[in-house]
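Take the sequence shown: its letter number 714 is residue 800 in this note's numbering, and every next letter is one higher.
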Amino acid sequence: MGVAVMSMWPTAAGPTAIFSMYMHGPGLNIVPRSDTAITDSALPRPSDVSVVPSIGSTATSVRVLEPSPTISPLNSMGASSFSPSPMTTRPSIGTVASTVRMASTAAPSTPFLSPRPTQRAAARAADSVTRTSSMARLREGCSGMDSTVVLGPRRAEGGSCDRHRSYAGHMAGRLSLEACLAGRDLTEPRLSPNGRTVAFVANTPGPDGSRADVIVMSVDGGPERILTTDPVRPGRAMGGGVLDWWPDSRSLVAIDKSGDLVRVFLDGRTTRLLAAEGRTLSSPTVEPNSSDDSPRIALVVDQAEIVVLDSATARTERVDRGDHDFVIDPVWWRGRPLWMAWSAPDMPWDRSALVTPSGVMADAADRQMQQPRAAGDGSTLGWLDDASGWLNVVLADGRRVSEPHEHGGPSWGERQRSWCWSPDGRSIAFVRNEGGFGRLCTYDIDSGVVVERAKAVHGQLSWQGRHLVALRTGGKTPTQVVAYDTSGDEWSRRTLAIGPSHSWEGEPSLVEPRLVETTASDGTRLHARLFESPQPNGSLICWVHGGPTDQWQVTFMPRFNYWLDRGWSILVPDHRGSTGHGRRFTNGLRGRWGDVDARDVAELVDHVADGRRVFAFGSSAGGLTALGLARIRPIAGEVVAYPVTDIAGLDDATHRFEAHYNRSLVGDRTRTEMLSRERSPIHHASSLARVPVLVFHGDADPVVPIEQSRRLVNAVRAAGGDAELVEYAGEGHGFRDPEHRRDEYRRTEEFLVRHSS
87 MGVAVMSMWP
97 TAAGPTAIFS
107 MYMHGPGLNI
117 VPRSDTAITD
127 SALPRPSDVS
137 VVPSIGSTAT
147 SVRVLEPSPT
157 ISPLNSMGAS
167 SFSPSPMTTR
177 PSIGTVASTV
187 RMASTAAPST
197 PFLSPRPTQR
207 AAARAADSVT
217 RTSSMARLRE
227 GCSGMDSTVV
237 LGPRRAEGGS
247 CDRHRSYAGH
257 MAGRLSLEAC
267 LAGRDLTEPR
277 LSPNGRTVAF
287 VANTPGPDGS
297 RADVIVMSVD
307 GGPERILTTD
317 PVRPGRAMGG
327 GVLDWWPDSR
337 SLVAIDKSGD
347 LVRVFLDGRT
357 TRLLAAEGRT
367 LSSPTVEPNS
377 SDDSPRIALV
387 VDQAEIVVLD
397 SATARTERVD
407 RGDHDFVIDP
417 VWWRGRPLWM
427 AWSAPDMPWD
437 RSALVTPSGV
447 MADAADRQMQ
457 QPRAAGDGST
467 LGWLDDASGW
477 LNVVLADGRR
487 VSEPHEHGGP
497 SWGERQRSWC
507 WSPDGRSIAF
517 VRNEGGFGRL
527 CTYDIDSGVV
537 VERAKAVHGQ
547 LSWQGRHLVA
557 LRTGGKTPTQ
567 VVAYDTSGDE
577 WSRRTLAIGP
587 SHSWEGEPSL
597 VEPRLVETTA
607 SDGTRLHARL
617 FESPQPNGSL
627 ICWVHGGPTD
637 QWQVTFMPRF
647 NYWLDRGWSI
657 LVPDHRGSTG
667 HGRRFTNGLR
677 GRWGDVDARD
687 VAELVDHVAD
697 GRRVFAFGSS
707 AGGLTALGLA
717 RIRPIAGEVV
727 AYPVTDIAGL
737 DDATHRFEAH
747 YNRSLVGDRT
757 RTEMLSRERS
767 PIHHASSLAR
777 VPVLVFHGDA
787 DPVVPIEQSR
797 RLVNAVRAAG
807 GDAELVEYAG
817 EGHGFRDPEH
827 RRDEYRRTEE
837 FLVRHSS
């Protein structure tokens, strides 16, 4: 289940970026906003009729949005309530306005641990989470935040609220909460085709909410310049899908906050190229090496269609055949788009294909294929696949950068760029995952030699001229945009922009973890990373990632530093099902979710606990695993956010992208119903009643319904347990409002202190 951000929960960093994995209808034909386009841009006047071909469709008037029959690629098998039947008609504009979308949010300076987006219940929900209602107030001891303590901690007869009590042995941290929350998110750095200018998206918090802008600066350093007048859609750190450069390097295209496609010139002018009209546009990809100033632009629509916009005529054409449920990441290759696609019941890491307008180009039943990328002249192609058992770079001629390390992460969202071509097409740059640590490497195509270039987790690679630009982060490295000079044998690095506004230099809580390995009872090798507090207080937080198909690499994590500063050491386990350790390890969770993941975490905790008090943290799928840990071994407490508590309950209640996820994680619906009673926390309230539990949940969560947390807390309390539920109004699958995030930290700290005494 997608892990959200803009809270203390480590996950994919990146501010609100709306994607369409959550759409439950095919939407409308895309129509250029012709009158506006004529006024704002010097494009030739489009014809009165804009044709958007699809299977069985007919032309649709620009001004009259009438239904036209089509075969929809949105026939997600896992949730009929979220998807239309394969044969359908395009819904009315009212239907489109209510479609479910994906949003990605992240706290300023949060780590980017995967490219996964965060979800929102409806198109308008992503914006609504930035607002705080004055109607709602806390019911216990605090005010000024739109949160509600539905069920608070049990207290002794006649006792008072202990929210503000002090405890002997509690360590007051020197690292402030504001330092952890302050800063901006940097996403999607891209070099201009001439290699001189870097553009990236910066999402900066303000008194009226966050604002995302396109920033440009010289690759040689110098001042940043805000290019956009109106805000753009925020990016997603190691993912993207917001912008691309025009071939002449004098302008770029971007998705603005309203969802429309705009062209932004370096002199500040903006023209509107395509109106979303209620649909979700993403990943604009401009045709490279265009000979004129009117290149074609490929876009993803609702993550279900690939559309090409002719910028000279403002006409659009759907070029996919509707054969797949999901499509993302178009690139231009030999004059036409090529993209990644998959269909239910598979998830993209189970099986995915490379597709062109003519049909499937490459596919296999036992592998994922992602990140297709063409060399600079468009003649040579490469991608990532895990046919060898490891997600490695593969070239179209069959050569493979074969090594027992992953070169990318799971495709939870769009525009992951963990590898790229050199400008001359003679080498490639790629990232390597070394047990959660990162490294930037190059591969010489002629010699087959791999050279290690730099340590730290890198992403969003972009190589033009003599420079390679990337996002860089590490346990002691605040998130930054960097440029490498590749002209010599030894690459030099220049830092161009930094995300956090707090100065972290010399901060004692910045620690590198150590790798932990142990062997499970069935012989499987298990992995984790252990962050030891510089001033340990005898307690250990076991923090389980979400997904469950994911991994938290060693990146800059202010929320980790907050607890490390206060004496808590942190264990980050990679249970079976996690990525980063090869396809076989990831597939080790198939059919066993809610069981083997919790057992693996228990084995890792037993390996490192050494008598320490253990608290289990987790959100979404990580919440399920954390709650399962309490059934296996004694722990001091549980702190979970928007946890999965009823596995079977997700089949008809979650969003489109994960609507069929249970099929691989558990089994068919009959098996899921049966095993859910064995593995779901809601059916083990008596076991959880032995452990104090603190639960956070947003009341607008479209991925894990808040009713799952309400039922769990009621059941635990009915069994005599100490369970508290805090609801945040307007929040989805993750918390964005600054006051909610501060409240979450405060309540968590009070809970830990209370149960560490």
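Glycine residues also receive a C-beta, built at the ideal position from the N, C-alpha and C atoms.
Query: Exposure label - residue 391; buried when at least 16 CB within 10 Å; Result: buried
Query: Which residues DSSP lists as bridging residue 524, in chain order; Result: 519
Query: Limits of the unbroken alpha helix (DSSP H) element including residue 792; Result: 792–804
Query: Assigned secondary structure, residue 728 (DSSP; H/G/I helix, E/B strand, else coil); Result: coil
Query: Backbone CA spacing between residue 326 and residue 746 [nearest angstrom]; Result: 24 angstroms
Query: Close-in-space but distant-in-sequence residues of the same chain around residue 555 (CB under 6 angstroms, 5 per side omitted); Result: 275, 277, 284, 548 and 569
Query: Test: residue 480 CB closer than 8 angstroms to a CB of chain D; Result: The structure shown contains no chain D; it is built from a single protein chain.
Query: Three-state class that DSSP yields for residue 535 in the structure shown; Result: coil
Query: Nearest to residue 319 (by Cα), restricted to the options 375, 305 and 298; Result: 298
Query: Check whether residue 394 and residue 458 have beta carbons under 8 angstroms apart; Result: no
Query: DSSP-derived helix/strand/coil call for residue 767; Result: helix
Query: Same chain only: Cβ atoms within 8 angstroms of residue 510, ignoring 5 sequence neighbours per side; Result: 462
Query: Span of the beta strand (DSSP E), counted from its first residue to its last, around residue 264; Result: Counting along the chain, residue 264 falls outside any beta strand (DSSP E), though it belongs to the alpha helix (DSSP H) covering 263–267.
Query: Buried/exposed call for residue 334, threshold 16 Cβ in 10 Å; Result: exposed
Query: Whole-angstrom distance between residue 487 and residue 534, CA atom to CA atom; Result: 8 angstroms
Query: Cβ neighbours of residue 540 in the same chain (closer than 8 angstroms, five flanking residues each side left out); Result: 525, 526, 558, 570, 577 and 579
Query: Opposing strand residues paired with residue 289 [DSSP bridges]; Result: 271 and 298
Query: Residue(s) in a DSSP beta bridge with residue 612; Result: 604
Query: Coil, strand or helix - residue 422 by DSSP; Result: strand
Query: Buried or exposed (CB count within 10 angstroms, at least 16 for buried), residue 322; Result: buried
Query: Proximity winner among 382, 563, 603 and 672, relative to residue 592 (alpha-carbon distances); Result: 563
Query: Buried or exposed (CB count within 10 angstroms, at least 16 for buried), residue 303; Result: buried
Query: First through last residue of the beta strand (DSSP E) which encompasses residue 564; Result: 563–571
Query: Residue 716 and residue 777 closer than 8 angstroms at C-beta; Result: yes
Query: At least three beta-carbon pairs within less than 8 angstroms, the region 725–742 to the region 657–671; Result: no
Query: Through-space distance from residue 293 to residue 477, alpha-carbon basis; Result: 43 angstroms
Query: Contact set for residue 516: own chain, Cβ-Cβ below 7 angstroms, skip 5 residues either direction; Result: 479, 487, 493, 504, 505, 527 and 529
Query: Per-residue burial, residue 34 [other beta carbons within 10 Å of its own, 16 or more giving buried]; Result: With the chain running from 87 to 843 in the structure shown, residue 34 is simply not present.
Query: DSSP state of residue 719 mapped onto helix, strand, coil; Result: coil
Query: Beta-carbon proximity list for residue 359, same chain, < 6 angstroms, skipping 5 on both sides; Result: 347 and 349
Query: Inter-stretch contact (C-beta, 8 angstroms, three-pair minimum) for the region 692–707 and the region 628–646; Result: yes
Query: Inter-residue spacing [alpha-carbon to alpha-carbon] between residue 430 and residue 364; Result: 24 angstroms
Query: Spatial neighbours of residue 373 in its chain, beta-carbon cut-off 6 angstroms, leaving aside the 5 residues before and after; Result: 381, 382 and 418
Query: Residue 738 to residue 428 span [Cα, whole Å]; Result: 21 angstroms
Query: Stretch pair the region 666–684 + the region 764–772: three plus CB contacts closer than 8 angstroms; Result: yes
Query: Secondary structure of residue 583, DSSP reduced to three states; Result: strand
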